[in-house]
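Report on one structure; see the data block that follows.
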Amino acid sequence: MKIALLYGTETGTTEMLCEDLEGHLGGDHEVEMADLGDTDPTSLDGDSLHLILCSTYGDGELPATAQPFAQALIDAGADLSGIRFAIFGLGDSTYETFNEGSQKLAELLVKHGAKQVGDRTTYDAMSGDMPEDSAFPWAEERIAEAEPLFAAS
Amino acid sequence: MIQIAIVGAGPSGCYLAQALLKAVPGAHIDILDRLPVPFGLVRYGVAPDHQGTKAVARQFARLFEKQGVGFIGNVTLGQEGEGGTLSLSELQSAYDVVVLALGLPKDRALPLPGAALPGVIGAGQLTRHWNDHPDDSASLPDLGRRVVIVGQGNVAIDVLRILAKRAEHFDGSDLAHRHSDHIAAAGIESIDILGRSPAHEAKFDPVMVKELAKLPHMGFAFEGLAHSGAASQDDARLEALANLPAAADHDIRVTFHFGATPTRLTGTDRVSAAQFDCDGAELSLPCDTVVSAIGFETHVPGLRDDLLAGAEDAALGVLRPGLYAAGWFARGPRGTIPENRQAAQALAARIAQDLGTLPKTSKTGAAALAARLSGLTDYAGWQRIDAAELAACDAGRVRAKVADLTDMLTLAAGRAQDHPETET
Ligand SMILES: Cc1cc2nc3c(=O)[nH]c(=O)nc-3n(C[C@H](O)[C@H](O)[C@H](O)COP(=O)(O)OP(=O)(O)OC[C@H]3O[C@@H](n4cnc5c(N)ncnc54)[C@H](O)[C@@H]3O)c2cc1C
Ligand SMILES: Cc1cc2nc3c(=O)[nH]c(=O)nc-3n(C[C@H](O)[C@H](O)[C@H](O)COP(=O)(O)O)c2cc1C
Numbered sequence: 001m002k003i004a005l006l007y008g009t010e011t012g013t014t015e016m017l018c019e020d021l022e023g024h025l026g027g028d029h030e031v032e033m034a035d036l037g038d039t040d041p042t043s044l045d046g047d048s049l050h051l052i053l054c055s056t057y058g059d060g061e062l063p064a065t066a067q068p069f070a071q072a073l074i075d076a077g078a079d080l081s082g083i084r085f086a087i088f089g090l091g092d093s094t095y096e097t098f099n100e101g102s103q104k105l106a107e108l109l110v111k112h113g114a115k116q117v118g119d120r121t122t123y124d125a126m127s128g129d130m131p132e133d134s135a136f137p138w139a140e141e142r143i144a145e146a147e148p149l150f151a152a153s
Numbered sequence: 001m002i003q004i005a006i007v008g009a010g011p012s013g014c015y016l017a018q019a020l021l022k023a024v025p026g027a028h029i030d031i032l033d034r035l036p037v038p039f040g041l042v043r044y045g046v047a048p049d050h051q052g053t054k055a056v057a058r059q060f061a062r063l064f065e066k067q068g069v070g071f072i073g074n075v076t077l078g079q080e081g082e083g084g085t086l087s088l089s090e091l092q093s094a095y096d097v098v099v100l101a102l103g104l105p106k107d108r109a110l111p112l113p114g115a116a117l118p119g120v121i122g123a124g125q126l127t128r129h130w131n132d133h134p135d136d137s138a139s140l141p142d143l144g145r146r147v148v149i150v151g152q153g154n155v156a157i158d159v160l161r162i163l164a165k166r167a168e169h170f171d172g173s174d175l176a177h178r179h180s181d182h183i184a185a186a187g188i189e190s191i192d193i194l195g196r197s198p199a200h201e202a203k204f205d206p207v208m209v210k211e212l213a214k215l216p217h218m219g220f221a222f223e224g225l226a227h228s229g230a231a232s233q234d235d236a237r238l239e240a241l242a243n244l245p246a247a248a249d250h251d252i253r254v255t256f257h258f259g260a261t262p263t264r265l266t267g268t269d270r271v272s273a274a275q276f277d278c279d280g281a282e283l284s285l286p287c288d289t290v291v292s293a294i295g296f297e298t299h300v301p302g303l304r305d306d307l308l309a310g311a312e313d314a315a316l317g318v319l320r321p322g323l324y325a326a327g328w329f330a331r332g333p334r335g336t337i338p339e340n341r342q343a344a345q346a347l348a349a350r351i352a353q354d355l356g357t358l359p360k361t362s363k364t365g366a367a368a369l370a371a372r373l374s375g376l377t378d379y380a381g382w383q384r385i386d387a388a389e390l391a392a393c394d395a396g397r398v399r400a401k402v403a404d405l406t407d408m409l410t411l412a413a414g415r416a417q418d419h420p421e422t423e424t
């Protein structure tokens with residue numbers, strides 16, 4: 001399957017996780033990885049499943065590289081109705097605004113017509129777990145859920 | 001091969017190495033540090049009860065574990081001719097590019113009469129102590145029941161929170177039990193935290209104050225809120241303060257004072273009161289300890305000031321072609337870990353550009369250092385320290401730091417440590 005692996009990051013953790021995920025999925029799928037900050041929301045590809053990973057920063061805000069993407073999406077008023085995505089959030093439960101960044105991004109994408117595959121999964125930096133331990137199964141499950149959708153179209 | 005040395009293994013040095021791996025493919029990068037352990041303030045500044053923030057170190061570990069960056073520990077960059085140190089000119093003769101990412105570890109002292117009294121301590125020294133930095137781990141500061149904190153940045157709030165927390169709130173942290181026991185034994189009753197700015201311009205991030213609201217044994221009072229006027233009532237800082245529980249029958253009373261300028265500290269053998277100017281009126285706060293959290297400065301004054309004065313582009317960190325500065329050392333003691341990431345990316349792009357115009361050389365990097373210096377440590381040495389710290393940790397803690405430099409060096413060298421707890 002064609003997979004677009006997109007990340008929004010502030011301190012780089014999410015980028016590193018995506019690199020790991022690219023290595024993990026690359027053998028079985030056609031994976032392209034990009035920073036949301038370098039991604040034009042109007043150029044998303046309907047043939048790919050978008051796996052989006054995004055942290056939270058400030059007081060529940062989008063991280064630095066997701067902000068220009070979100071702004072461009074709002075400004076362009078882009079129609080994403082042909083786009084399917086799954087989302088994984090990184091946050092820290094010390095903050096009351098736990099994982100609100102990924103939630104805001106998911107809501108924004110849905111508002112612009114994109115279809116979400118499966119529920120958002122969140123990772124808590126305070127838990128001491130490694131993010132890949134939940135991100136790898138998340139990606140595999142969402143890909144399995146999405147496969148029939150792409151086969152049908 | 002192009003040889004790049006980054007001096008200082010804190011976030012700015014590590015982020016810069018990350019960015020240089022992409023911007024200058026094929027170059028060899030070494031990160032040098034005066035300690036045998038990497039990560040700078042991530043290990044020694046970031047609060048022990050903020051393990052989520054410390055997790056950024058995992059990302060930096062990858063540089064050394066997978067991306068071919070070298071770690072050379074136990075080497076201090078110092079002034080020319082200073083014994084036991086490496087000078088800048090020596091370093092530059094070994095490497096094509098040298099980047100100084102030394103941070104700013106020295107507390108800016110309160111410029112006040114009485115600032116040298118016992119009982120007055122810098123926030124950097126105190127947080128290094130709690131983080132078991134070998135420079136400051138040994139001395140246990142005597143806290144007393146009444147603490148005054150001068151300054152209202154995020155570091156000041158870290159100090160406030162750690163002083164105010166109960167022992168059970170440190171579960172899941174890496175604060176050694178000797179520290180939490182010591183804090184509990186002090187029996188702190190009141191903490192006054194003062195800043196010159198009005199509340200809406202205070203330097204703390206609102207989330208830092210929101211976190212305090214979770215600690216049920218603390219009550220809060222406020223002085224000088226009027227400085228913010230009515231216009232800024234919806235300010236995020238004021239809102240965070242307004243949501244703190246009021247001081248009633250709480251065990252610890254915390255008072256925020258805004259618009260308070262410190263004027264002098266008084267006491268005979270030890271500080272016993274701190275005086276402030278509040279709109280022309282004198283406020284005198286009786287206290288046992290004063291913590292100053294008013295910023296940081298360099299520990300190598302001649303080096304930094306001279307280099308920055310002659311810099312080609314100080315804002316970006318270009319000192320002269322082949323010599324650069326990054327992080328707090330370049331920009332001053334402001335800004336969070338992620339800000340260093342963005343700055344590192346801009347500096348890496350500039351270094352890549354400059355390398356195009358530098359004459360080709362055949363410098364030998366680490367080999368030249370090894371020939372000249374003894375006692376250098378490497379990344380495997382840090383991994384041995386790390387493993388020992390993880391293995392030694394006790395209930396409720398995620399790590400037990402080795403706080404003594406000699407012990408660290410022993411572990412790094414892979415020699416058996418003659419420590420009672422490891423003899424079993
Ligand atoms: C108490 C405190 C708490 C903080 N908490 C947070 C937080 O929670 N979140 C956040 O985002 N930011 C926090 N910050 C800010 C953050 O730590 C800094 O933005 C960041 O560490 C600056 O990185 P740096 O690499 O420039 O300096 P540093 O992290 O200070 O690294 C400098 C490195 O250089 C080494 N070094 C120094 N002198 C020499 C020498 N002569 N020779 C060789 N090596 C040398 C040091 O050992 C150190 O490893 C905090 C800062 C402080 C002081
Ligand atoms: C200054 C700062 C603010 C943060 N704010 C939040 C927040 O509001 N909510 C949350 O869930 N996590 C928050 N986090 C935690 C990050 O989302 C978490 O550390 C994540 O792993 C960082 O990923 P990144 O490196 O890709 O940006 C914050 C972290 C920092 C350093």
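Listed in order, the protein sequences are those of chains B and Y. Residue numbering for the first sequence is 1 to 153, as defined by full-length UniProt numbering. Residue numbering for the second sequence is 1 to 424, as defined by full-length UniProt numbering. Even glycine gets a Cβ: it sits at the ideal position worked out from N, Cα and C.
Check: Segment limits, alpha helix (DSSP H) that includes B:Ser93; Outcome: Neither: B:Ser93 is in no alpha helix (DSSP H) and is coded neither H nor E.
Check: Alpha-carbon to alpha-carbon, Y:Ala392 and Y:Thr424; Outcome: Annotation note: pLDDT 37 at Y:Thr424 (below 50); position unreliable, no value reported.
Check: Alpha carbon of Y:Ile4 to alpha carbon of Y:Leu21, nearest angstrom; Outcome: 11 Å
Check: From Y:Arg145, Y:Thr76, Y:Ile2, Y:Pro38, residue whose alpha carbon lies closest to that of Y:Ala273; Outcome: Y:Arg145
Check: Where B:Ala125 meets chain Y, residues with beta-carbon distance less than 7 Å; Outcome: Gly52, Ala55
Check: Closer than 6 Å: B:Gly101 CB and nearest ligand 1 heavy atom; Outcome: no
Check: Close beta carbons around B:Ala139, own chain, < 7 Å, minus the five adjacent residues each side; Outcome: Leu21, Leu25, Leu51
Check: Other residues of its chain near Y:Leu308: CB distance less than 6 Å, five sequence neighbours each side excluded; Outcome: Ala314
Check: Contact set between the region 185 to 214 of chain Y and chain B, restricted to residues whose Cβ is under 7 Å from the partner; Outcome: Pro206, Val207, Lys210, Glu211
Check: Three or more C-beta pairs below 8 Å linking the region 366 to 375 of chain Y and the region 59 to 74 of chain Y; Outcome: yes
Check: Residue range of the beta strand (DSSP E) that includes Y:Gln3; Outcome: 3 to 7
Check: Assigned exposure category for Y:Pro420 - 16 Cβ within 10 Å defines buried; Outcome: Note that Y:Pro420 scores 47 on pLDDT, short of 50, meaning its location in the model is unreliable and no value can be drawn from it.
Check: Members of the region 317 to 345 of chain Y near chain B, C-beta cut-off 8 Å; Outcome: Ile337, Pro338, Arg341, Gln342
Check: CA-to-CA distance, B:Phe150 to B:Ile143, given in whole angstroms; Outcome: 10 Å
Check: Closest by C-alpha distance to Y:Lys54, when choosing among Y:Leu88, Y:Phe39, Y:Glu297; Outcome: Y:Phe39
Check: Which residues DSSP lists as bridging Y:Leu126, in chain order; Outcome: Paired residues: none, contrary to the question.
Check: Near ligand 2: B:Glu145 beta-carbon under 6 Å from a heavy atom; Outcome: no
Check: Segment contact flag, the region 157 to 166 of chain Y with the region 298 to 308 of chain Y, C-beta cutoff 8 Å, min 3 pairs; Outcome: no
Check: Simplified DSSP state of Y:Ser173, which is helix, strand or coil; Outcome: strand
Check: Short Cβ contact (7 Å threshold) for B:Leu17 with B:Pro137; Outcome: no
Check: Y:Gly40, enclosing alpha helix (DSSP H) - first and last residue; Outcome: 40 to 44
Check: Start-end ranges of the alpha helix (DSSP H) lying completely within the region 32 to 103 of chain B, minimum 4 residues; Outcome: 66 to 76
Check: Cutoff 7 Å: Y:Gln67 Cβ touching any chain B Cβ; Outcome: no
Check: B:Gly8: first and last residue of the uninterrupted alpha helix (DSSP H) it sits in; Outcome: No alpha helix (DSSP H) holds B:Gly8; the beta strand (DSSP E) holding it covers 2 to 8.
Check: First and last residue of the uninterrupted alpha helix (DSSP H) at Y:Gly381; Outcome: 379 to 391
Check: DSSP three-state assignment for Y:Gly219, whether helix, strand or coil; Outcome: strand
Check: Rounded separation between B:Glu10 and B:Ser127 - CA only; Outcome: 19 Å
Check: Whether B:Leu53 touches B:Thr14 by CB criterion (7 Å); Outcome: yes
Check: Y:Asn340 CB to nearest heavy atom of ligand 1 below 6 Å; Outcome: yes
Check: Cβ of B:Asp38 within 7 Å of any chain Y Cβ; Outcome: no
Check: Alpha carbon of Y:Thr268 to alpha carbon of Y:Leu110, nearest angstrom; Outcome: 18 Å
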